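Everything below concerns the one structure shown next.
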Amino acid sequence: MSAIIEVVGLEKRFGTFQAVRGVSFQVDRGEIFGYLGANGAGKSTTIRILCGLMTPSGGTASVAGHDVASDPEGVRFSVGYMSQRFSLYPDLTAMENLDFFGGAYRLARRARLRRAEALLGDVGLSADDPRTAGAMPGGVRQRLALAAALLHGPQVVFLDEPTAGVDPEARRTFWRIIRKLSDSGTTVFVTTHYMDEAEYCHRVGLMVDGALVALDTPSGLKRAHVPGRLFAVRGTGLDVARLRELAGVTHVEPFGAGLHVRGDLLTAEVLSEAVRAHGGQGVLVEESAPTLEDVFLAVAARSSAG
Amino acid sequence: MNPRRFVVRVFAMARKEWMHLGRDRATVLFALGMPVILLVLFGYAVSFDIDHIPTVLVDEDWTPESRSLASHFSSGATFELVATVGSAREVERLFREGHAKVGLVIPKGYGRELARGNGRVQLLVDASDNMTASSVLSYASRFNVWKNHELLRVHFGNRADLIEVRGRALYNPAIRSVVFLVPGLIAMIQSMMAVILTALTVAREWERGSMEQLFATPVGRLEIVLGKLLPYFGVAMAQLLLVLALATWVFGVPIRGSMVALLGISTLFLLATLSQGLFISVMARNQMVATQAAAVSSMLPSMLLSGFVLPIENMPRPLQIMTNIVPARHFVHALRAIMLRDADLSVLGRDAFALVVFALVMLVLATRRFPRRLA
């Protein structure tokens, strides 16, 4: 497999603020590449640079063989882009929106109408839908935006938080479409802050404060960043500070309503005993599989400490 | 650049803008209603025809001669007798209170003096309103000449050697100021409307966020600019035709010259002002700033520097030169030439040239200043 996106030492500064700090990675053809990070970590900025919407302040990046700084025109023909904020025209219908953007991609009228109809079918929308985009529910609107990004048959699509503010059912539908895209050979570069969605990606990059701090497959990330056994601890009166000092415990992180405790030589029995001994009540300890959220917390904690 | 592809994209852009307009009833209503309201409002309000001036009479003589003079003086539509008072002092009081602007004072002994060939009356004018005052004074002197002619004829019959200058007003026989003003009004209204129409379009895309999506496509800057220009040209032309129709039907302004020339120069003028609006829109990035910049940059010059009200010949030289970059100035000139005088088309050459240059400069600026990236 050959790399379709190549990024080396990418930087972006806005005045004195450094949004992206020396990021390097490659994305292979047909891959679903997830970009994970908190708001303001530099995800959108990276995507915008890769789409030719912003010029990098340093480093190089090429997409489908086009350098983003010197050949943004070439980049635009090879990529589809779905921005974080819904940016189609709310007063136009699905078909009218696609008709326009097809025209913007230089598709002749008849060809783009055919293509738009087919794409709307692919994302589960109807070409005859009389609703304007503004009147559609969030999930439907996002699928329409995806169709718009795919009009010209791009080799890579960049999806910037495509499922933000969308209900779980609609998110699942959306990801089914993403997997289908990847199966048909389109490279998908997607940012999200839903950790469960990141599990669907072939590889995940983790961004903290503009830097790419980890990059691997979801299971590889878990192995590397959440070693040892992981226990979910629930109950009241949990004393985080005391637990950290416990023999065999390496990490204690708040997780949902309870805690995630990690350690190499721990067992559920020993841990629950110790928690009770330190004032925990109604304690329930279960061994659990690490999630990408554990990875994210471990990596973020390390990055902010360092 | 493939020219066919270029056209495809310009038309895709224009179609989209046209659809926005179709959905946006408020804008269409504003676009077609506003020029009509403005024309009617200004057309009736802005008039230099001064008549029905409130007048006070002071007749200290009270003879048949004085009464005859007074009734002659106020018989036309120019002066309207509102009061008869006892003294010139009271006339001043009425001036101060704003009840009258003119006082005719016929002194005691006027009838007797007139018989001796020495009739004198006094005309008091409130000159704080200089326009009314000069109009009154010029009417008074005409009245004077006319009255003297009459007297001379009475005394000497046709033997008198009299010079009579007879003026004939061409192109506007009744000397109605509305005939002169309406073409200027049309130019002013269309300047404002065209600039405001387009000023919002690019700014709106920035505010909606659709600009980002547009930038992600390979659509060119010139394609966006031209695609936005086309549909608004249609709207602006509809406005202009509406306003022209109104001008002829409601205000009786003639169109003596060629309709083709009128539409031709209108096309150039609309392209110039629409491009000005686009340039503002490209620079402004939000609709509020765009609206204000559009209003100021179109209204002030088209009102003050177009020759619509203030004659350009009377301006200081630097200002005169400046008026050349005001599209309304050329349009006002051309409209008056075509509509009122059926002028030879060669006098429009300068105007046409200036408008084309202005439109091109604005289009180039709008395109050049159009960013192709977010940052």
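Chains as they are written, first to last, in the numbering used here: chain Y, 104 to 409; chain L, 9 to 383.
For glycine and all other residues, C-beta sits at the position ideal for the given N, C-alpha and C.
Computed from a predicted model, the values in this text were never measured in an experiment.
ask   = Touching or not, the region 11–26 of chain L and the region 230–248 of chain L, by the rule of three or more beta carbon pairs under 8 Å?
value = yes
If you run the structure through DSSP and keep just helix, strand and coil, what is Y:Y297? coil
* Give a yes or no on whether the C-beta atoms belonging to L:I273 and L:M347 are separated by under 8 Å. => no
Q. Under a Cβ-count criterion, where at least 16 other Cβ atoms within 10 Å of its own Cβ denotes burial, should L:Q247 be classed as buried or exposed?
A. buried
Could you pull the start and end residues of the alpha helix (DSSP H) that Y:H354 belongs to? Segment 352–358 is the beta strand (DSSP E) holding Y:H354; no alpha helix (DSSP H) there.
field: Range covered by the alpha helix (DSSP H) that runs through L:H163
entry: 138–164
TODO: State yes or no: is the C-beta of L:Y240 within less than 8 Å of the C-beta of L:L205?
DONE: yes
### Query
Hey, would you say L:V93 sits closer than 8 Å to L:V110, going by beta carbons?
Result no, Cβ atoms of L:V93 and L:V110 do not sit closer than 8 Å.
- Short Cβ contact (8 Å threshold) for L:P115 with L:R128: yes
Give a yes or no on whether 8 Å exceeds the smallest Cβ distance from Y:R209 to chain L. yes
Quick one: which chain Y residues come within Cβ less than 7 Å of L:F223? L156
Grab the span of the beta strand (DSSP E) containing Y:M157 for me, first residue to last. Taken as a continuous stretch (DSSP letters only), Y:M157 belongs to no beta strand (DSSP E), as it is neither H nor E.
Y:F204: contacting residues in chain L (beta-carbon distance under 7 Å) = Under the 7 Å cutoff, chain L gives T225.
Checklist entry - Which whole runs of the beta strand (DSSP E) in the region 242–283 of chain Y are 3 residues long or more, in chain order? => result Counting whole runs of 3 or more residues, the region 242–283 of chain Y contains the beta strand (DSSP E) stretches 259–263.
Coil, strand or helix - Y:L210 by DSSP: coil
Check your understanding: In chain C, what lies closer than 8 Å to L:S218 by C-beta?
Key -> Given the protein chain composition of this structure (Y and L), no chain C is represented.
- Would you report the Cα separation of Y:K325 and Y:A401, rounded to the nearest angstrom? Y:A401 has its alpha-carbon roughly 10 Å from the corresponding atom of Y:K325.
- Message: Strictly under 8 Å for the Cβ-Cβ distance: is L:M27 near chain Y by that measure?
- Response: Yes - at least one Cβ of chain Y is within 8 Å of the one on L:M27.
Q) Taking three-plus beta-carbon pairs below 8 Å as touching, is the region 337–351 of chain L in contact with the region 182–202 of chain L? A) yes
Fill in: Residue span of the beta strand (DSSP E) that contains Y:F128, given as start and end
Note, Y:F128: beta strand (DSSP E), 120–131.
TODO: For L:W214, count neighbouring C-beta atoms within 10 Å of its own C-beta (all shown protein chains included) and say buried if the count is 16 or more, exposed if not.
DONE: buried
Practice task
Please go through the same chain and pick out, in chain order, the residues whose beta-carbon is closer than 7 Å to the beta-carbon of Y:R218, but skip the five residues on each side of it.
Solution key: G205, L210, L254
- Item | Partners in chain L for Y:F117, counting only beta-carbon separations shorter than 8 Å | A383
At 9 Å on the CB atoms, spell out the chain L contacts of Y:E199, in chain order.
-> R23, K24, M27
**Request:** Locate the beta strand (DSSP E) running through Y:A106, then write down its first and last residues.
**Result:** 106–117
Checklist line | L:A303 and L:M200 closer than 8 Å at C-beta | finding: yes
Worksheet item: Going by the beta-carbon positions, is the gap between Y:V260 and Y:A252 smaller than 8 Å?
Response: yes
If you check the beta carbons only, do L:A298 and L:A211 fall under 8 Å apart?
-> yes
- Item | Given Y:P265 as reference, the closest of Y:Q245, Y:T276, Y:K283, Y:P271 once Cα atoms are compared | Y:Q245
*Taking just the CA atoms, how far does L:L238 sit from L:L371?*
13 Å
Quiz item: Closer than 8 Å, CB to CB, is Y:F180 near chain L or not?
Solution: The C-beta of Y:F180 comes closer than 8 Å to at least one C-beta of chain L.
Cβ neighbour criterion (16 or more within 10 Å) applied to Y:K283: exposed
Within 8 Å, do at least three Cβ pairs link the region 127–136 of chain Y to the region 344–363 of chain L? no
query: Is the beta carbon of Y:A207 sitting closer than 8 Å to the one on Y:V226?
result: Using a Cβ distance threshold of 8 Å, Y:A207 and Y:V226 do not count as a contacting pair.
Verify the CB distance criterion: does Y:E220 have a CB-CB separation below 8 Å to chain L? no
Y:Y138 - partner residues in DSSP beta bridges = Y:T294, Y:G308
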